[in-house]
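Shown next, in structure tokens, is the structure this report addresses.
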Amino acid sequence: MSYSPPQDPASFSNYREISIIHAHFDWTIDWEKFTIDGSVAHTFKAHSEVKEIILDTSYLIIHQVSILNPRLTDQTILKTHLGDRHEVLGSPLTIELPNTLAAGDQITLQIKYTTTDQCTAIGWLDPAQTASGQHPFLYSQCQAIHARSLVPIQDTPSVKFTYTALAHSYLPVLFSGLNSSETNQAVSIDKNVVREWRAEQPVKIPSYLVAISAGQLVFRSMGKRTGVWADPATIDAAYDEFATSTEGFVAAAEKIIGVDYDWGRFDVLVLPPSFPYGGMENSNLTFLTPSLLTGDKSLVDVVAHEISHSWFGNNVGCANWGSFWLNEGFTTYLERLILRELHGDPERSFSYIIGKKALNDALREFKDQPRFQQLEIEYEFGEDPDLAFSTVPYDKGANFLLYLEQVVGGLKVFLPYVGAYVRAFKGKSLDTKMWKAHLLGYFSENDPVALAKLESVDWEAWLHGQGLELPVELKYDTSLADAAYALAARWQEACDAPEKRLFERSDIAQFSSNQIVVFLEKLDSDQTLPKELIELMEKVYGFDSSTNQEIRLRWYSNALKAGLFTQQASKWVSDKGRMKFARPTYRALYKVDSELAQKTFKANENFYHPICRAMLAKDLGLA
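Following the UniProt record's numbering, the numbering of the sequence shown begins with 1 at its first residue and continues without gaps.
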């Protein structure tokens with residue numbers, strides 16, 4: 001009997017018996033009540049004999065469930081039961097079927113429902129929180145298990161389906177699919193004129209990639225299959241930042257993997273600053289933080305990462321959140337290969353060096369929850385996968401794949417396997433056990449010499465090892481980091497030697513933004529600089545006014561450790577919704593001035609997306 005992954009512990013749904021193969025969303029956005037009202041029509045396919053369907057929901061008001069049959073004028077209303085609320089998983093919606101379905105049978109059900117103000121997927125913004133300041137805005141973030149608060153669904157990456165969508169709103173609406181060509185046309189916005197906005201997603205996706213955004217949005221084409229959406233006040237900066245690199249990233253990824261981009265279009269949407277992530281790989285429409293808009297294109301690597309998800313995660317993806325590293329580890333690995341393709345080997349290594357510092361920080365953060373230091377996590381039923389969100393699956397995963405690449409004999413041996421892996425699991429979901437079996441099977445069939453080399457791999461240490469170190473210390477090309485390391489060493493020497501405090505702006509004049517990041521990270525990982533050196537550094541280098549938010553993040557990390565720049569850090573973090581910036585800065589501020597940290601958070605609580613808000617409340621002892 002063939003192996004299939006066990007039941008996803010983060011879902012109530014009975015998807016192993018019957019699963020969604022297509023969904024049609026018909027939604028009306030209520031900008032006054034901050035709700036979405038409407039219906040979803042799910043087409044299901046049974047895999048075994050089944051008498052009921054169980055869906056995931058969270059904070060939804062269910063009005064009615066019926067069988068959708070275009071040949072019948074009378075709807076068949078079905079009996080339903082909404083179970084008691086589980087703190088993390090929400091409430092299971094059980095739908096009784098009028099007849100038992102056999103394996104292979106299909107049925108389409110329409111569920112009429114309304115979201116509530118407790119929806120954890122949607123961020124609602126008032127006009128003042130947008131760049132143009134004229135109209136409200138909304139965006140969704142469904143990963144990991146928040147789609148169930150937007151729509152009744154089988155909220156697990158084990159299930160993939162196509163969808164069509166219709167939205168009613170006076171403001172333009174975008175979905176994570178191929179949006180109707182009319183959407184691209186500039187329209188005059190009139191609060192009294194509700195328009196219809198359509199989209200389709202012909203490629204099967206998991207529920208966490210269902211996405212919606214609505215507001216004053218305009219479009220600019222960047223290439224034959226790429227474009228950018230943004231607020232009118234942001235569109236020029238967004239276009240300038242991404243136009244020259246995006247198409248090249250897609251082409252480079254196709255060349256590296258040897259598998260074409262399957263999705264038709266790759267567009268990006270630059271969101272307001274409360275968006276909790278750097279980027280979210282929503283299919284066809286990647287959501288991006290405006291903190292990437294530096295003016296010097298120094299942070300466009302995030303786009304390379306999200307493009308890489310078109311193969312890993314969106315196409316070949318994890319079957320449950322315990323194997324999340326299959327999404328992010330492979331994506332980070334490919335992202336760095338794209339950098340190598342475009343800029344050379346040293347740039348690839350440099351990205352690993354930057355990632356290693358973030359990984360070390362994450363591993364330390366989980367010292368009291370060591371199982372979250374593992375690549376593969378065995379979640380208990382009802383655990384929230386958001387609690388384990390960190391760079392571990394990204395960077396530990398990418399380092400594991402780099403190690404395997406080196407073990408088997410380099411890229412010439414490993415890349416053909418990567419392409420074969422994508423082709424073998426295209427459109428499917430798998431877990432770590434299936435991944436390992438395929439890897440060994442591939443080399444058994446194609447390269448017995450490489451297979452023999454893989455016998456040296458300590459699989460248990462890599463997949464389930466805990467602690468602050470990788471099982472094998474990998475060597476990176478440090479040529480791009482050496483100058484940053486040398487400057488950091490000079491500042492450390494100056495701690496005890498005032499005569500060595502001879503620093504000038506020219507020290508960093510030739511540095512790239514990433515080299516400045518590495519300089520600050522190196523300082524951060526060594527002994528804390530005394531207050532007078534932090535003050536001197538600001539006087540000489542002016543980091544506190546940098547427009548690159550990655551630099552500001554590292555600057556405040558160093559400054560707050562010395563007990564300085566608390567007010568500046570407080571002001572900076574008050575409008576940084578990206579959790580990569582918000583969480584470490586609030587935590588660092590809390591250690592120095594807990595009252596200021598809590599006061600800053602409470603004053604800006606409603607600015608943050610619900611996911612970020614919940615995490616910050618925990619970090620600051622308020623939850």
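Note that CB positions come from ideal geometry on N, CA and C, so glycine has one too.
query, result
"Starting from Thr114, follow its DSSP beta bridges and name the residues at the other end.", "Asp37 and Ile61"
"Start and end of the beta strand (DSSP E) containing Trp555?", "That residue, Trp555, is in no beta strand (DSSP E); its alpha helix (DSSP H) goes Gln549 to Lys561."
"Check the C-beta distance from Ala252 over to Glu380 and give it rounded, since I have them as a contact under 8 angstroms.", "Between Glu380 and Ala252 the Cβ distance is about 40 angstroms, and since that is not below 8 angstroms, they are no contact."
"Please classify Gly90: does DSSP put it in a helix, a strand, or coil?", "strand"
"Mapping the DSSP letters down to three states, classify Val418 as helix, strand or coil.", "helix"
"Give me whichever residues DSSP pairs with Cys318 in a beta bridge.", "Leu430"
"Quick check: the Cα distance between Thr57 and Val210, rounded to an integer number of angstroms?", "15 angstroms"
"Kindly list the residues whose CB is nearer than 8 angstroms to the CB of Leu523, restricted to its own chain and excluding five residues on each side of it in sequence; keep chain order.", "Ala488, Trp491, Gln492, Leu529 and Asn558"
"Skipping 5 residues on each side, what residues in its chain have a beta carbon closer than 7 angstroms to that of Glu328?", "Pro393, Tyr394 and Gly397"
"Out of Ile54, Val457 and Lys433, which one is the CA nearest neighbour of Arg16?", "Ile54"
"List the endpoints of the continuous beta strand (DSSP E) containing Leu269.", "Phe266 to Val270"
"Quick one: what's got a C-beta closer than 8 angstroms to Pro98's C-beta in the same chain, skipping five residues either side?", "Ile67, Thr76 and Leu78"
"For the alpha helix (DSSP H) holding Ala484, just list the boundary residues, first then last.", "Asp482 to Glu493"
"Give the single residue among Ala131, Ser48, His81 and Ala147 whose Cα lies nearest to the Cα of Ile36.", "Ala147"
"What are the boundary residues of the alpha helix (DSSP H) that Thr566 is part of?", "Thr566 to Val573"
"By DSSP's criteria, Leu404 is part of a beta bridge. Which residues make up the other side?", "Bridge partners of Leu404: none, in fact."
"How big is the Cα-Cα spacing for Ala237 and Trp555?", "25 angstroms"
"Pick from Ala617, Ser574, Val218 and His42: whose alpha carbon is nearest that of Leu271?", "Val218"
"Please give the ranges of any beta strand (DSSP E) in the region 230–284, keeping only runs that are unbroken, at least 3 residues long and fully inside the region.", "266–270"
"Looking at Val592 and Leu560, is the spacing between their C-beta atoms short of 8 angstroms?", "yes"
"With C-beta atoms as the reference, is Leu293 less than 8 angstroms away from Glu241?", "yes"
"Given 8 angstroms as the limit, is there contact between the region 356–371 and the region 408–416, that is, 3 or more CB pairs closer than that?", "no"
"Pick helix, strand or coil for Gln201, following the three-state DSSP scheme.", "strand"
"Assuming contact is defined by CB atoms lying nearer than 8 angstroms, are Leu474 and Pro346 in contact in what I supplied?", "no"
"Give the range of the alpha helix (DSSP H) segment to which Phe330 is assigned.", "Trp325 to His343"
"Does the beta-carbon of Ile18 have 16 or more other beta-carbons within 10 angstroms, so that it is buried, or is it exposed?", "buried"
"From what residue to what residue does the beta strand (DSSP E) around Arg220 run?", "Val218 to Ser221"
"Does Ala388 pass the burial test, meaning 16 or more other C-beta atoms within 10 Å, or should it be called exposed?", "buried"
"Going by the DSSP bridge assignment, what does His168 pair with across the sheet?", "Thr28 and Glu196"
"Under DSSP, the alpha helix (DSSP H) around Trp311 begins and ends at which residues?", "Unbroken run through Trp311: none, as it is neither H nor E."
"With distance defined between alpha-carbon atoms, name the residue in Leu415, Leu430, Glu595 and Pro610 nearest to Leu337.", "Leu415"
"If you compare alpha carbons, which of Arg198, Ala230, Asn320 and Val193 is closest to Phe12?", "Asn320"
"Looking at Ala597 and Tyr608, is the spacing between their C-beta atoms short of 8 angstroms?", "no"
"Would Leu178 pass as a contact of Asn284 if the rule is Cβ separation under 8 angstroms?", "yes"
"To the nearest angstrom, how far is the alpha carbon of Gln143 from that of Ser207?", "8 angstroms"
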